Amino acid sequence: MIFGEDLEFRMMAKGMLGQHPLDAGWGQFTHQILPGVCFKREVYYGKVDPRGTSQDCPDCGAKVKKDLSVRISHCFEYGSIKPSAMAAAQVISVGNGE
Ligand SMILES: [Zn+2]
0 MIFGEDLEFR MMAKGMLGQH PLDAGWGQFT HQILPGVCFK REVYYGKVDP
50 RGTSQDCPDC GAKVKKDLSV RISHCFEYGS IKPSAMAAAQ VISVGNGE
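Residues in the sequence shown are numbered from 0 upward in steps of one, following numbering that gives the first Met the number 0.
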């Protein structure tokens, strides 16, 4: 199974990330190429609402407020410390029934 965040690349391009996401072809990759390859290989591809995935603790569900520059998720409720991207991936996989 593969899950991709359903990001709005045109909005990102207008914001702080400038033109980069469009130049890099990320929208085409996640919206067309990846789903197409998954379909051919009979791999489940799911789109995930990106809101909040990087703000929740995957272990206890508490909000761990941080901005994108903070790369470590440190939950003071549960005491878990892990890379932000890994925590977000866990939140996504649990939210989609593993
Ligand atoms: Zn926690």
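Where is the CB? At the ideal position from N, CA and C, for every residue including glycine. Model, not experiment: these values are computed from the prediction.
Is residue i helix, strand or coil when you go by DSSP?
| i | result |
| --- | --- |
| V47 | strand |
| S68 | coil |
| V63 | coil |
| P57 | coil |
| S92 | helix |
| T52 | coil |
| G26 | helix |
| V42 | coil |
Measure the C-alpha to C-alpha separation of residue i and residue j and round it to an integer number of angstroms.
| i | j | result |
| --- | --- | --- |
| S72 | K65 | 8 Å |
| S79 | A88 | 15 Å |
| A61 | F2 | 22 Å |
| E97 | W25 | Here E97 scores only 49 on pLDDT, less than 50, and its place in the model should not be relied on; the value that follows carries that caveat. Each residue's alpha carbon lies about 25 Å from the other. |
| L6 | T29 | 9 Å |
| C59 | Y77 | 6 Å |
| R50 | P82 | 18 Å |
| S92 | C37 | 17 Å |
| V101 | Q27 | Lying outside 0 to 97, the shown extent of the chain, residue 101 is not represented and no answer is given. |
| P57 | S68 | 19 Å |
| V42 | D48 | 20 Å |
According to DSSP, residue i sits in a beta bridge with which residue or residues?
| i | result |
| --- | --- |
| E4 | V47 |
| P82 | I71 |
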